[in-house]
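Read through the structure below, which is laid out as structure tokens, and then see the notes.
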Amino acid sequence: AWQPTEGMAEVFGRDSRRLSPRDFTQIGYVSENQRMPGWMTVEYFMEYLKAFYPDWDVARARELLRQFELPPDRKIRHLSHGMRMKAALASSLAYRPRLIVLDEPFTGLDALVRDELIEGVLECAEGATILISSHDLSEVESFASHIGYLDHGHLQFSEEMTSLVDRFREIEVTLADPLQSPISWPAAWLNTEQSTAVVRFVDTQFDQERTIAEVHRLFGNAHQISVNPMPLRAIFVTLAKAGRKAA
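So the sequence shown is numbered by this note's numbering: it starts at 94 and just counts up by one.
So, in structure tokens, the structure goes:
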């Protein structure tokens with residue numbers, strides 16, 4: 094088994110390597126390539142899983158099949174990729190887990206199915222924690238409350254979505270006079286680009302007054318300062334580029 098080289102992970106306040114069988118019945122898991130018994134019908138699959146989960150709710154399972162428009166008598170092997178993902182999600186929500194882990198759940202799904210999955214999770218989670226691993230940042234941005242950035246096995250940060258997007262800004266400065274000498278950039282400025290008349294950078298600790306004051310300190314009386322908010326994808330691209338430059 095893989096052993097950690099450093100750090101720790103806890104689930105429900107306990108070491109993740111020492112979870113009890115009961116703990117695992119409180120965790121729902123759905124992944125992009127989740128294996129499911131193709132010979133089973135959807136209804137039989139749900140009935141089969143019931144024995145493993147003491148908190149399985151038969152009425153809830155039936156309602157999830159209806160909500161996700163899953164045909165009970167169809168074999169899993171005959172379901173589309175999107176329908177299989179719906180079946181996996183329904184089976185993971187039927188026992189009301191405290192933690193729902195979604196591993197790249199949106200890969201290969203059309204926009205309609207993605208929206209249905211997101212709506213289904215949010216409607217049925219009922220206070221559970223939802224942990225999503227995804228490269229589809231535009232989808233995550235639409236509903237996530239917290240964001241973590243994992244780079245080569247290291248968690249670089251974990252914070253509220255609103256805090257993250259509030260502190261990142263793309264800045265473009267049009268200079269009144271050309272730069273005469275190299276600039277020592279502030280540590281919070283990433284992906285800096287400069288020409289004789291224009292400077293561009295991403296401020297990772299944006300504060301309106303502080304940033305504007307810093308621009309004027311470095312460049313004198315700037316002719317124009319453009320400040321633009323950044324979507325989540327642009328933030329992560331910025332961090333990835335900065336990480337490659339630092340490597």
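In this text, a Cβ means the ideal position worked out from N, Cα and C, and glycines have one as well.
All figures in this text were calculated on a predicted structure; none of them were measured in a lab.
Legend entry - Beta carbon of residue 232 nearer than 8 Å to that of residue 264: Walking along the sequence shown from the start, residue 232 turns up at place 139. Walking along the sequence shown from the start, residue 264 turns up at place 171. Going by C-beta atoms, residue 232 is not nearer than 8 Å to residue 264.
Legend entry - Contiguous beta strand (DSSP E) assignments of at least 3 residues, all confined to the stretch 212 to 286: 222 to 226, 239 to 244, 247 to 253, 262 to 267
Legend entry - Nonlocal neighbours in the same chain, by C-beta distance under 6 Å from residue 153, ignoring five residues either side: Residue mapping note: residue 153 aligns to position 60 of the sequence shown, counting from 1. Same-chain partners within the cutoff: 187.
Inset, instruction - For residue 195, write down the residues that DSSP places opposite it in a beta bridge. - result: Position 102 of the sequence shown, counting from 1, holds the residue named residue 195. DSSP output for residue 195 lists 123, 225 as bridge partner(s).
Inset, instruction - Check residue 293 in the structure and name its three-state DSSP category. - result: Locating residue 293 in the sequence shown gives position 200, counting from the first residue. Of the three classes helix, strand and coil, the one that applies to residue 293 here is strand, per DSSP.
Inset, instruction - Go ahead and pull the three-state DSSP assignment for residue 317. - result: Indexing the sequence shown from 1 puts residue 317 at position 224. Of the three classes helix, strand and coil, the one that applies to residue 317 here is strand, per DSSP.
Legend entry - Contact belief for residue 239 with residue 253 at Cβ below 8 Å, rounded distance in angstroms: Position 146 of the sequence shown, counted from the start, is the residue given in the question as residue 239. Position 160 of the sequence shown, counted from the start, is the residue given in the question as residue 253. Confirmed, about 6 Å.
Inset, instruction - Please classify residue 162: does DSSP put it in a helix, a strand, or coil? - result: Taking the sequence shown and counting its residues from 1, the one referred to as residue 162 is at position 69. Correct three-state label for residue 162: coil.
Legend entry - Sequence-distant residues of the same chain with beta carbon closer than 8 Å to residue 150, five excluded per side: For the purposes of this step, residue 150 is taken as the residue at position 57 of the sequence shown. Excluding positions up to five away in sequence, the list reads 187, 188, 189.
Legend entry - Identity of the residue in 221, 166, 121 nearest residue 134 by Cα: Numbered from its first residue, the sequence shown carries residue 134 at position 41. Among 221, 166, 121, the Cα nearest to that of residue 134 belongs to 166.
Inset, instruction - Return helix, strand or coil for residue 140, following the three-state DSSP convention. - result: By one-based count along the sequence shown, residue 140 stands at place 47. Correct three-state label for residue 140: helix.
Legend entry - Euclidean distance between Cα positions of residue 269 and residue 330: Along the sequence shown, one-based indexing puts residue 269 at 176. Along the sequence shown, one-based indexing puts residue 330 at 237. Residue 269 and residue 330: Cα-Cα distance of roughly 30 Å.
Legend entry - Stretch pair the stretch 123 to 139 + the stretch 167 to 183: three plus CB contacts closer than 8 Å: yes
Legend entry - Other residues of its chain near residue 200: CB distance less than 6 Å, five sequence neighbours each side excluded: Sequence index remark: in the sequence shown, residue 200 carries index 107 (1-based). These residues qualify, in order along the chain: 125.
Inset, instruction - Using the Cα positions of residue 119 and residue 299, report the straight-line distance between them to the nearest angstrom. - result: Here residue 119 refers to the residue found at position 26 when the sequence shown is read from its first residue. Here residue 299 refers to the residue found at position 206 when the sequence shown is read from its first residue. C-alpha separation (whole angstroms): 40 Å.
Inset, instruction - Answer yes if the stretch 154 to 163 comes into contact with the stretch 102 to 122, meaning at least three C-beta pairs across the two stretches below 8 Å, and no otherwise. - result: no
Legend entry - Residues that residue 168 bridges to, as DSSP identifies them: Taking the sequence shown and counting its residues from 1, the one referred to as residue 168 is at position 75. DSSP lists 134 as partners of residue 168.
Inset, instruction - Could you have a look at residue 107 and say whether DSSP puts it in helix, strand or coil? - result: The sequence position of residue 107 within the sequence shown is 14, counting from 1. The answer is strand: DSSP assigns residue 107 an E or B state.
Inset, instruction - Keeping to the same chain, check which residues put their C-beta closer than 7 Å to that of residue 336; ignore five residues upstream and five downstream. - result: Walking along the sequence shown from the start, residue 336 turns up at place 243. Contacts found: 244.
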